[in-house]
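Quick notes on the structure that follows.
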Amino acid sequence: MTPSTNTFTERLNRAAGIVEASLQALLSDKPGPGEIARPDRLMAAMRHGALGGGKRLRPFLTIETARLLGQEGEGPLRAGCAVELLHCYSLVHDDLPSMDDDDLRRGRPTVHKAFDEATAILVGDALQTLAFEVLADPATDRDPAIRSDLVLGLARASGPGGMVGGQLLDLAAEGRYGAAELSEIDVRQLQMMKTGAILTFSVEAGAILGRADPAARENLVNYGRALGAAFQVADDILDRESSSEALGKRTGKDLEKGKATLVDLLGLEGARRECELLVESAHVSLEGFGPEADTLREAVRFVVERQV
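Taking numbering that gives the first Met the number 0, the leading residue of the sequence shown gets 0, the next gets one more, and so forth.
Right, dumping it as structure tokens:
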């Protein structure tokens with residue numbers, strides 16, 4: 000039986016609390032092995048950018064995918080935290096004046112507003128490198144081949160062919176480098192890279208830790224891709240229909256900048272239909288996993304029905 004919405008939300012919130020505590024420990028002022036010192040200002044700004052907000056969906060997906068495959072405990076939690084650190088770095092840099100120039104994130108001043116622009120750049124750099132340190136640490140998994148697979152996967156998802164490349168395409172879509180008119184294919188590729196790649200890897204990381212066989216891993220990756228695409232379409236719908244107060248960040252940015260989204264290309268009702276098709280696709284990818292995958296099934300439904 001599929002978990003009830005309340006049960007799913009409780010599970011998500013419980014995981015978010017555990018992830019928050021783990022992130023707090025990773026971002027403490029105390030130097031780790033091999034470190035000389037951790038500057039107070041840098042650590043305070045890193046905590047500002049990474050703690051105290053967010054659904055922690057990415058680590059939740061890592062934890063739940065690993066659990067589906069019989070792997071629980073410190074490894075999936077650490078891997079999920081690594082993905083979240085990488086995600087938080089991207090948010091800190093996205094908010095910079097040279098990027099999206101945002102003053103509000105999760106209902107609080109962005110890092111460059113709370114501290115300064117130079118500190119925000121260094122915060123992003125530090126969160127990114129810490130993410131890879133966490134994955135490479137034997138505490139994440141005893142098998143060096145598994146750790147290597149995790150590092151490689153996150154690097155590919157976040158690099159020039161993934162998130163960072165998607166951010167460049169996003170800037171180009173605003174017309175920064177000349178006139179830009181995006182087709183539906185262009186928008187889908189941009190979103191698959193900028194947002195979808197890290198969400199997909201969140202699932203794949205759990206598959207890696209759970210020692211999924213090639214067929215199971217491929218199905219889980221396909222599920223992650225469908226969820227990532229659904230997340231972005233739902234985000235575009237929220238950006239049009241919700242308020243800055245409700246979301247805790249500025250809304251209507253794409254419309255202001257004349258940047259096409261699937262909402263523009265498909266219309267609101269078309270975008271909602273797209274979400275439903277993606278939910279269906281995600282569920283098809285999980286068909287071979289039985290009722291144990293119900294939490295992942297509920298996760299993709301949560302993604303398209305969320306209000307924040």
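Every residue gets a Cβ at the ideal spot worked out from N, C-alpha and C, and that includes glycine. On a predicted model such as this, the values are computed, not experimentally measured, just so you know.
The C-beta of A281 has 16 or more other C-beta atoms within 10 Å across all chains shown, which makes the residue buried.
Closest in alpha carbon position to Q231, among A259, R216, R141, G209, is A259. Inter-segment contact for the segment 161 to 169 and the segment 180 to 191 is present: three or more beta-carbon pairs are separated by less than 8 angstroms.
Residue pairing for R107: DSSP places it in a beta bridge opposite R104.
Look at K29 here: in three-state DSSP terms it is coil, with no helix or strand label. Out of R175, A78, D39, the CA that lies nearest to the CA of R55 is found in A78. With distances taken between CA atoms, L68 lies nearest to R216 out of V262, L84, R271, R216. Under the 10 Å beta carbon count, G158 is surrounded by fewer than 16 other beta carbons and is classified as exposed. DSSP, read as helix, strand or coil, puts S157 in helix. By the CB criterion at 7 angstroms, C80 and P58 fall inside the cutoff. Here L267 is exposed. Its C-beta has fewer than 16 other C-beta atoms within 10 Å. Remark: C-beta atoms of A44 and T109 do not approach each other more closely than 7 angstroms. The beta-carbon distance between F200 and L277, rounded to whole angstroms, is 18 angstroms. This is too long to meet the 8 angstroms contact definition. For P213, the uninterrupted alpha helix (DSSP H) run begins and ends at 213 to 240, by DSSP.
In the displayed model, G177 falls within coil according to three-state DSSP, outside both helix and strand. If you draw a straight line from the Cα of A225 to the Cα of V163, it comes to about 20 angstroms. By alpha-carbon distance to R66, the top candidate from R37, A20, R210 is R210. Secondary structure note for Q306: it is in no alpha helix (DSSP H), with a DSSP letter that is neither H nor E.
When DSSP states are grouped into helix, strand and coil, A259 belongs to the coil group. Proximity to L50 across L181, V91, K112 peaks at V91, based on C-alpha coordinates. Membership of A172 in the alpha helix (DSSP H) is indicated by the continuous run 162 to 172. L189 and G269 have their C-alpha atoms roughly 19 angstroms apart.
Judged by their CB atoms, T139 and G74 are nearer to each other than the 7 angstroms cut-off.
The alpha-carbon of D102 is positioned some 16 angstroms away from that of Y88. Looking only at L198, G177, A179, the smallest Cα-Cα distance to L85 is reached by L198.
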